[in-house]
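Going by this note's numbering, the sequence shown opens with residue 208, and the numbers climb by one from there.
Structure first, commentary second.
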Amino acid sequence: MTITFLRVRPAEQLAEPTATSRRREGTVAVEMPAPTSVEVAAGHKAGVLVVAGEVSDVGAAAWVVSPSDALALADRGVPGWRITVLAEGSKESILDALARSRASHVRSARSETSEIASLAQLPGLEVAVSVFVDDVPQALRAVEQGATDLLLRDWDIERIGELREALGDRPLVERTALPIGIEIDEAREVLPPEVFTAWLGQVDGSGAARPRYEWAPGKDMEPPVPDDRFSAEWLDRSWVGGTPAAYPRSAGPLESILERSLQGIAPTVSEIESMFRARGDQIDAIAHVADVLRERAVGDTVTYVVNRNINYTNLCYFRCGFCAFSKGPRSLNLRGEPYLMGLDEIVERAVEAWGRGATEVTLQGGIHPDFTGNFYVDVVKSIKAELPDMHIHGFTPLEVWQGAETIGIPVRRFLEELQAAGLGTLPGTAAEILDDDVRAHLCPDKIRTSQWAEVMITAHELGLRATSTIMFGHIDHPRSWANHLEVIRQIQRRTGGFTEMVPLPFVHMGSPIFLKGKSRPGPTWDEVVLIHAVSRIALDGLVPNIQASWVKLGLDGGRRLLDAGCNDLGGTLMGEIITRAAGAAHGQELTPQQFRDAIEAAGRQPALRSTTYEILDASQSENVGS
Ligand code: SF4
């Protein structure tokens with residue numbers, strides 16, 4: 208059984224400097240008998256959630272209260288996942304409060320743990336037993352007596368590491384003031400906005416507490432994980448310097464899913480979701496299996512493509528919450544200058560790329576209010592007139608949908624026109640997360656999952672192949688990732704048209720949805736590993752290529768993922784600006800030599816490829832970037 212823990216500090220008063228120093232020490236929650244709204248706000252500024260000991264309206268995240276106050280909170284409509292019942296008074300009153308408030312936790316004195324645990328185990332209750340513990344022996348005793356949630360006042364990561372070791376096979380997972388597993392949609396609906404923002408800053412996609420490293424996709428930092436590990440959930444000396452558990456022992460309860468995957472039996476959607484909830488050693492096990500499947504599917508070759516991104520405009524009338532690239536009209540005074548390239552400039556850039564050895568131009572941009580489908584057709588014709596052999600990888604399903612709509616023809620006919628003009632393949636962007644519950648908040652006016660699928664299926668039927676993507680780490684969660692992979696699998700089983708899967712970690716720094724306090728600060732490193740590795744496992748036998756995006760992760764991050772199911776590092780790009788706009792520090796282009804060096808350093812064989820994964824003669828691109 209999983210044991211959770213909360214790093215919480217009791218306090219009578221709270222000011223921002225104290226809250227900030229508590230947060231630096233690792234505390235995620237401060238518990239106060241009677242907090243004021245000023246103290247709650249101070250906690251939020253420091254990224255700490257405040258737990259109140261009395262029923263009040265000061266904006267606390269959660270309450271630890273007597274059985275009668277728990278019932279009062281329930282009467283006010285407070286969900287049980289914000290309530291901890293203090294085990295005080297009669298057994299009957301505690302049981303009544305737990306049953307009727309549906310509290311997520313009951314807090315016991317250490318001396319009464321066994322008794323309260325037997326109450327909590329009654330059928331009909333789903334409640335964790337919380338106990339304050341001051342050292343590892345106390346914690347082990349409490350767990351033996353039935354505690355499932357440990358309250359740690361001032362434990363550092365080394366002591367928590369000792370506890371993890373002492374617990375052996377029982378996984379230890381950190382929570383916030385709220386339980387693990389609260390989905391973001393419910394939290395958004397229930398929590399005051401400031402609490403929601405502070406909570407988002409503390410959690411990963413499963414609602415567990417994030418590890419405390421500074422690393423995030425787009426930051427110019429090495430992955431926060433030792434070379435022989437994939438999971439960075441733990442950073443104590445014992446984890447970093449210890450010997451990783453070998454597969455299959457490391458898989459724990461996921462072993463049967465992974466064993467069946469190794470036998471070629473695809474995981475179900477719920478099994479994919481279970482893999483996305485993996486932690487610690489289990490992540491290493493998933494990466495190991497993904498690596499075996501990668502080796503079987505495509506061998507040791509790691510590919511890259513020499514290409515150029517041409518983002519012809521950053522003007523866009525859509526309102527995707529995550530997008531730092533698009534600008535409204537200048538009158539709206541949005542950051543940066545809006546621009547629109549003319550056809551001549553687009554062709555000039557393509558010609559320049561061809562001269563530098565590019566075999567592909569990737570065309571995508573904002574949806575300019577003046578664009579019609581004719582613009583996209585003209586762009587393709589103009590490039591092809593100058594460069595008949597250049598592969599044009601262009602236009603997201605959103606651009607295709609909007610292009611067809613603006614000239615009043617069906618998507619199929621529009622795609623036929625683009626194909627006749629010389630379009631080669633479609634990028635699978637604009638997918639973000641193919642789960643409409645997430646899209647409703649992330650990109651409310653963008654095409655929905657079924658429309659994205661309709662464009663892709665039609666394109667594939669016409670012989671236009673495409674990439675697939677998933678953009679993760681914002682307001683999504685394991686269920687939505689599993690749903691996304693299922694959409695890709697369903698399309699691929701029908702058409703076989705996807706060439707690759709490209710996971711795109713959310714770069715949060717300049718993203719509007721993050722700056723407004725409505726998203727997480729990108730995925731954790733563990734989530735990055737999981738999305739790539741589980742994509743390999745879930746798409747085994749369907750999509751042969753999994754790409755690691757150096758633009759989001761840097762070459763170092765990309766190289767690490769080559770051992771977690773990936774076999775492609777993407778393209779040279781020559782002037783990528785979309786991710787830069789979101790605050791990423793990684794370069795705007797790489798040379799083929801840099802790709803080759805990184806791939807060889809990882810012990811694999813580099814190979815130059817075309818957009819559709821034919822292996823090309825690398826000597827053709829020798830001078831690129833020089
Ligand atoms: S993601 Fe694309 S469609 Fe959405 S706002 Fe940005 S440029 Fe426009």
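All C-beta atoms in this analysis are idealised placements derived from N, C-alpha and C, irrespective of residue type, glycine included.
Here the structure is a predicted model, which is why all the values come from computation and not from measurement.
Any non-hydrogen atom of the ligand SF4 within 6 Å of residue i CB
i, result
"Gly573", "yes"
"Ser854", "In this structure the chain extends from 208 to 833, so residue 854 is not present and cannot be described."
"Phe525", "yes"
"Cys530", "yes"
C-alpha distance - residue i paired with residue j, whole-angstrom precision
i, j, result
"Ala267", "Val402", "7 Å"
"Arg371", "Pro433", "18 Å"
"Ser311", "Phe705", "43 Å"
"Pro710", "Val245", "41 Å"
"Phe532", "Leu768", "27 Å"
"Val447", "Ile367", "13 Å"
"Pro399", "Ala281", "17 Å"
"Gly296", "Asp498", "55 Å"
"Ser687", "Glu390", "11 Å"
"Val215", "Ala236", "5 Å"
"Ala666", "Arg672", "7 Å"
"Glu606", "Phe212", "47 Å"
"Leu861", "Ile364", "No answer is possible for residue 861: it lies beyond the span of the chain, which begins at 208 and ends at 833."
"Ala405", "Val255", "7 Å"
"Leu823", "Ala504", "19 Å"
"Gly506", "Thr475", "26 Å"
"Ala560", "Met781", "8 Å"
"Pro242", "Gly761", "44 Å"
"Val336", "Thr731", "28 Å"
"Leu278", "Ala304", "6 Å"
"Ala814", "Arg766", "15 Å"
"Ala789", "Pro545", "15 Å"
"Asp443", "Leu692", "33 Å"
"His495", "Glu821", "27 Å"
"Leu539", "Gly375", "For Leu539, the predicted structure reports a pLDDT of 47, less than 50, and the residue's modelled location is therefore unreliable. A value from the coordinates is still provided. So the alpha carbons of these two residues sit roughly 57 Å apart."
"Phe721", "Ala492", "32 Å"
"Thr656", "Lys534", "25 Å"
"Glu707", "Asp411", "26 Å"
"Ile387", "Ala415", "5 Å"
"Ser457", "Ile490", "8 Å"
"Arg382", "Gly778", "39 Å"
"Ser468", "Val272", "47 Å"
"Gln352", "Pro240", "28 Å"
"Val584", "Glu661", "20 Å"
"Val554", "Glu567", "13 Å"
"Gly832", "Gln800", "Below a pLDDT of 50, predicted positions are generally treated as unreliable, and Gly832, at 41, falls in that range; the measurement from the model is reported next regardless. Distance between the alpha carbons of Gly832 and Gln800 is about 9 Å."
Beta-carbon separation (whole angstroms), residue i vs residue j, contact threshold 8 Å
i, j, result
"Gly629", "Val587", "5 Å"
"Arg486", "Pro378", "6 Å"
"Thr510", "Gly573", "Between Gly573 and Thr510 the Cβ distance is about 30 Å, and since that is not below 8 Å, they are no contact."
"Ala611", "Phe621", "4 Å"
"Ala565", "Asn514", "5 Å"
"Trp757", "Leu776", "6 Å"
"Pro634", "Arg526", "Between Arg526 and Pro634 the Cβ distance is about 21 Å, and since that is not below 8 Å, they are no contact."
"Leu326", "Leu302", "6 Å"
"Leu461", "Ser481", "7 Å"
"Gln795", "Arg803", "Incorrect: roughly 19 Å between the Cβ atoms, too far for contact."
"His598", "Ser817", "7 Å"
"Glu639", "Met678", "5 Å"
Per DSSP, cross-strand counterpart(s) of residue i
i, result
"Val237", "Arg216, Val257"
"Ser675", "Met708"
"Thr291", "Val271, His312"
"Arg816", "Ile822"
"Gly778", "Val512"
"Asn752", "Glu707"
"Asp356", "Thr211, Ser337"
"Ile517", "Leu570"
"Glu381", "Phe212"
"Val410", "Ala416"
"Lys534", "Leu522"
"Leu547", "Thr520"
Heavy atom of the ligand ATP within 6 Å of residue i beta-carbon
i, result
"Gly615", "The ligand ATP is not part of the structure shown, which contains the ligand SF4 as its ligands."
Within-7 Å CB hit, residue i to chain C
i, result
"Asp392", "Reference to chain C is not applicable here, since this structure consists of a single protein chain."
Every unbroken beta strand (DSSP E) within the region 576 to 660, with a cutoff of 3 residues, ordered by chain: 598 to 601, 630 to 633
Complete runs of the alpha helix (DSSP H) confined to the region 476 to 503 [at least 4 residues]: 476 to 483
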